[in-house]
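J.: Heads up, the sequence shown is in the UniProt record's numbering, so the first residue is 1 and it goes up one at a time.
Glycine included, every Cβ here is placed at the ideal spot set by N, Cα and C.
Sharing a structure below in structure tokens format, with a few things to ask.
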Amino acid sequence: MSKLDEKKRSNSNSSQSEQCFSKKSKTETDQQTNQMIKYIPMKNGSTNVNRTFKTPFNSPDNQNLANTINKSTKTVQQEIDGIDQEIENLLDQGYKLEELDVIIDKLHIYNDIKDLAQSLLEKIAHIKGCTIKKMHELYVLDPNID
1 MSKLDEKKRS NSNSSQSEQC FSKKSKTETD QQTNQMIKYI PMKNGSTNVN RTFKTPFNSP
61 DNQNLANTIN KSTKTVQQEI DGIDQEIENL LDQGYKLEEL DVIIDKLHIY NDIKDLAQSL
121 LEKIAHIKGC TIKKMHELYV LDPNID
């Protein structure tokens, strides 16, 4: 065999091997790609991609959670006891629950009327083209009265 024949034969063998390489199945190339990606280091220097995710938030222990619940329960119970004590003091002063309900209802009505008057005053000020403060001065109203 001549050198030319050997060269042609080696070229044909190399082209066949290239064809074989290019005819790899898609799954094989995907697997190779995944393996290559698996070992590419992360930007932050981490090389272990398969590590479990760690949350950035601290999870409280059960003991700490129980202590927190106990503290909040105690503070709420203290508030309830304080309100009960205030109710007892009012009852001792001669107030009756029915009277207090009537007073509370009247306060709600008063606040509704006051809000309505304030909104009317705002509309009048808008129509006249002046500020609400000027309207209070014009009608001798104190805006800080509650």
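Look at the alpha carbon of residue 101 and the alpha carbon of residue 109, and state the distance between them as a whole number of angstroms.
T.: C-alpha separation (whole angstroms): 13 Å.
J.: Report the rounded CA-to-CA distance for residue 189 versus residue 144, giving the unit in angstroms.
T.: The structure shown has nothing for residue 189, since the chain only spans 1 to 146.
J.: To the nearest angstrom, report how far apart residue 97 and residue 83 are at their CA atoms.
T.: Their backbone Cα atoms lie some 14 Å apart in a straight line.
J.: For residue 122, collect the residues of the same chain with a Cβ closer than 7 Å to its Cβ; drop the 5 residues on either side in sequence, then sort them by chain order.
T.: Correct list, in chain order: 132.
J.: Quick check: does the Cβ of residue 135 come within less than 7 Å of any heavy atom belonging to the ligand HEM?
T.: The model depicted lacks the ligand HEM and carries no ligand whatsoever.
J.: Starting from the C-beta of residue 134, find all residues in its chain whose C-beta is less than 8 Å away, skip the five residues before and the five after it, and write them out in chain order.
T.: The residues are 125.
J.: From residue 70 to residue 138, what distance separates their C-alpha atoms?
T.: C-alpha separation (whole angstroms): 57 Å.
J.: Taking only the alpha-carbon atoms, compute the straight-line gap between residue 74 and residue 67 and give it to the nearest angstrom.
T.: For residue 74 and residue 67, the distance between alpha carbons rounds to 11 Å.
J.: For the alpha helix (DSSP H) that contains residue 121, what are its first and last residues?
T.: Per DSSP, residue 121 belongs to the alpha helix (DSSP H) from 97-128.
J.: Step through the CB atoms of chain B and report whether any lies within less than 8 Å of the CB of residue 114.
T.: Reference to chain B is not applicable here, since this structure consists of a single protein chain.
J.: Among the residues of its own chain, which have a CB less than 8 Å from the CB of residue 77, if the five just before and after it don't count?
T.: Within the same chain, residue 77 has no close Cβ partners at all.
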